[in-house]
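Report on the structure given below.
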Amino acid sequence: MVVQTERDDATWYECETCGLLFDDESDAAEHESHCDDADPSYIQ
Ligand SMILES: [Zn+2]
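Quick note on numbering: the sequence shown equals residues 1 to 44 in UniProt numbering.
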């Protein structure tokens with residue numbers, strides 16, 4: 001699930017799975033759809 005977060009007066013979208021930040025919600029959602037399929041050993 002993508003988490004919206006405020007930082008440096010900007011809104012960011014964080015991949016809840018790996019913590020990566022995106023400035024575009026659709027980019028974050030796209031990333032996360034792949035991230036969910038990642039090797040579970042990579043996700044702690
Ligand atoms: Zn991710």
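Cβ atoms here follow ideal geometry from the backbone N, Cα and C, with glycine treated the same way.
Sequence-distant residues of the same chain with beta carbon closer than 6 Å to residue i, five excluded per side
| i | result |
| --- | --- |
| Leu21 | Trp12 and Glu14 |
| His34 | none |
| Ala29 | Val2 |
For residue i, the nearest candidate out of the options (CA to CA)
| i | options | result |
| --- | --- | --- |
| Arg7 | Asp23, Met1 and Cys18 | Asp23 |
Identity of the residues DSSP links to residue i by a beta bridge
| i | result |
| --- | --- |
| Glu25 | Answer is none; Glu25 lacks a bridge partner. |
| Glu6 | Thr11 |
Beta-carbon contacts of residue i that lie in its chain and below 8 Å, excluding the five residues immediately before and after
| i | result |
| --- | --- |
| Glu25 | Val2, Gln4 and Tyr13 |
| Asp27 | Tyr13 |
| His31 | Cys15, Leu20 and Phe22 |
Under 6 Å, CB to nearest heavy atom of ligand 1: contacting residues
Listed along the chain, these residues meet the criterion: Cys15, Thr17, Cys18, Leu20, His31, Glu32 and Cys35.
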